[in-house]
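**Student:** In this note's numbering, the protein residues as written are 706 to 812.
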Ligand SMILES: [Zn+2]
C-alpha cells in the first residue's frame, strides 16, 4: 500500500501558481483552436501560453486556474498540465504526467 508521503515526496519541486482571471482571459485571446476541434494542428501546450504571460518556469510550475478556460472555437475546457515524481517500490522513481490541452495560437 502506498502512503501519501510516498505519492507526494518531499523532494517534489513543482510550485503551485495561481493564475489571475485577466491572465487567463489574455491566454484565451491568444488561442485559435485546441486539440478537440483541430487535432492535427494543435501542438502547443496550454501551459506554454501561461508561461509566456506569467514568466514562470515551466519546469517547476503547476498552474492553478481561478476558473476553467475555454477554447474560443469549440468551447471545450482548457486543461493545464500536471506532473509529479513518485517513488515506486517495484519500479523505482517514476514520473506521472498529465499533459495540458494542446492548442494552436492566433497568427
Ligand atoms: Zn477547440
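Beta carbons: idealized from backbone N, C-alpha and C, even for Gly.
If you're wondering where the values come from, they're calculated on a predicted model, not measured in any experiment.
Identify the continuous alpha helix (DSSP H) that holds residue 792 and give its terminal residues.
**Tutor:** Element bounds for residue 792: not the alpha helix (DSSP H) but the beta strand (DSSP E), 787-793.
**Student:** Alpha carbon to alpha carbon, how far is residue 797 from residue 740? Give it in angstroms, no decimals.
**Tutor:** Answer to the nearest angstrom: the Cα atoms are 33 Å apart.
**Student:** Quick check on residue 808: does DSSP put it in helix, strand or coil?
**Tutor:** If DSSP states are grouped into helix, strand and coil, residue 808 belongs with the strands.
**Student:** I'd like to know if the region 759-779 and the region 736-750 are in contact, where contact means that at least 3 CB-CB pairs between them fall below 8 Å.
**Tutor:** Touching, yes.
**Student:** If you draw a straight line from the C-alpha of residue 787 to the C-alpha of residue 767, how long is it?
**Tutor:** If you take the alpha carbons of residue 787 and residue 767, they lie about 6 Å apart.
**Student:** If you follow the beta strand (DSSP E) that residue 748 is part of, which residue opens it and which one closes it?
**Tutor:** Counting along the chain, residue 748 falls outside any beta strand (DSSP E), and DSSP gives it neither H nor E.
**Student:** Under DSSP, the beta strand (DSSP E) around residue 723 begins and ends at which residues?
**Tutor:** That run of the beta strand (DSSP E) goes 720-723.
**Student:** Quick check: is any heavy atom of ligand 3 less than 6 Å from the C-beta of residue 723?
**Tutor:** Within the structure as shown, ligand 3 is missing, the only ligands being ligand 1.
**Student:** Near residue 706, what residues of its chain come up, given a Cβ to Cβ distance below 8 Å and the 5 sequence neighbours on each side ignored?
**Tutor:** Note on residue 706: pLDDT 48, under 50, position unreliable in the model; no value is reported.
**Student:** What does the Cβ neighbour count give for residue 751, buried or exposed, with the cut at 16 atoms within 10 Å?
**Tutor:** Classification for residue 751: buried.
**Student:** Give me the residue from 746, 755, 748 and 744 with the minimum Cα distance to residue 725.
**Tutor:** The shortest C-alpha separation from residue 725 is found at 755.
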